[in-house]
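Engineer:
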């Protein structure tokens with residue numbers, strides 16, 4: 001049986017999540033989402049044809065990884081995700097893990113970045129058996145350089161805490177800011193050849209599209 005698409009998986013996860021919320025929480029989530037979609041969030045994000053800002057970030061094993069160093073060996077697939085608490089991110093990371101060998105076969109390296117502190121990222125990587133690089137972007141410094149910052153709506157913050165999602169504790173940051181989920185296929189000269197950037201945080205780039213972009217380089 002063929003593997004269900006990532007978009008189908010995230011849609012089903014969203015429907016199940018919303019269906020289990022009390023009516024008042026459904027309304028709060030819906031209004032916050034409408035506000036996000038009406039905002040200019042990520043309108044000026046780095047996109048196709050632009051240059052990917054270079055960076056150095058710590059990995060879950062506390063070893064620094066520099067983008068330009070990784071690109072010296074071949075293209076890079078760079079994925080910004082919100083955190084280990086995000087079910088849509090976990091679906092994406094699992095989907096990427098299933099295709100990591102195909103990505104490597106294209107001569108590329110897969111790098112995932114979240115604002116979570118390194119020890120949380122390590123636990124997450126181990127839990128999901130991730131074999132690619134997982135980096136910690138504390139305070140969303142690099143996400144900001146890519147133009148990917150979004151604010152968790154004030155009305156959602158108490159709900160997050162009620163749901164056990166303490167972002168300030170997970171990220172060691174009181175800002176309640178997250179990266180807009182984004183995936184970049186970056187050529188060796190740091191040119192972005194393909195990108196998926198969507199403030200609808202349930203929308204992710206299909207692994208098949210990543211592979212297609214890599215094969216076109």
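Residue numbers (UniProt numbering): 1 to 217.
Ideal Cβ positions, reconstructed from N, Cα and C, are used throughout, including at glycine.
Can you give me the C-alpha to C-alpha distance between residue 49 and residue 8, rounded to a whole angstrom?
Structural biologist: For residue 49 and residue 8, the distance between alpha carbons rounds to 29 Å.
Engineer: Give the secondary structure of residue 1 by DSSP, where H, G and I count as helix, E and B as strand, and everything else as coil.
Structural biologist: Any reading at residue 1 needs caution, since the residue's pLDDT is 38, under 50, leaving its predicted position unreliable; the model's value is listed next. Looking at residue 1 - three-state DSSP - the assignment turns out to be coil, as it is neither helix nor strand.
Engineer: According to the Cβ coordinates, are residue 47 and residue 180 closer than 8 Å?
Structural biologist: Cβ distance not < 8 Å, so residue 47 and residue 180 don't count as in contact.
Engineer: Could you spell out where the beta strand (DSSP E) holding residue 80 opens and where it closes?
Structural biologist: It spans 76-80 - the beta strand (DSSP E) in which residue 80 sits, taken as one unbroken run.
Engineer: Using only the alpha-carbon positions, how far apart do residue 82 and residue 143 sit?
Structural biologist: Each residue's Cα considered, the two are about 11 Å apart.
Engineer: So, at 6 Å on beta carbons, what are the nonlocal neighbours of residue 113 in its own chain, with the 5 sequence-adjacent residues on each side left out?
Structural biologist: Closer than 6 Å at Cβ, skipping near neighbours: 80, 135 and 137.
Engineer: Use the C-beta contact count for residue 187: other C-beta atoms within 10 angstroms, 16 or more gives buried, fewer gives exposed.
Structural biologist: Counting Cβ neighbours within 10 Å, residue 187 comes out buried, since at least 16 surround it.
Engineer: In three-state terms, what does DSSP make of residue 192?
Structural biologist: Strand.
Engineer: Mark residue 215 as exposed unless 16 or more other C-beta atoms lie within 10 angstroms of its C-beta, in which case mark it buried.
Structural biologist: Exposed, by the Cβ-count rule.
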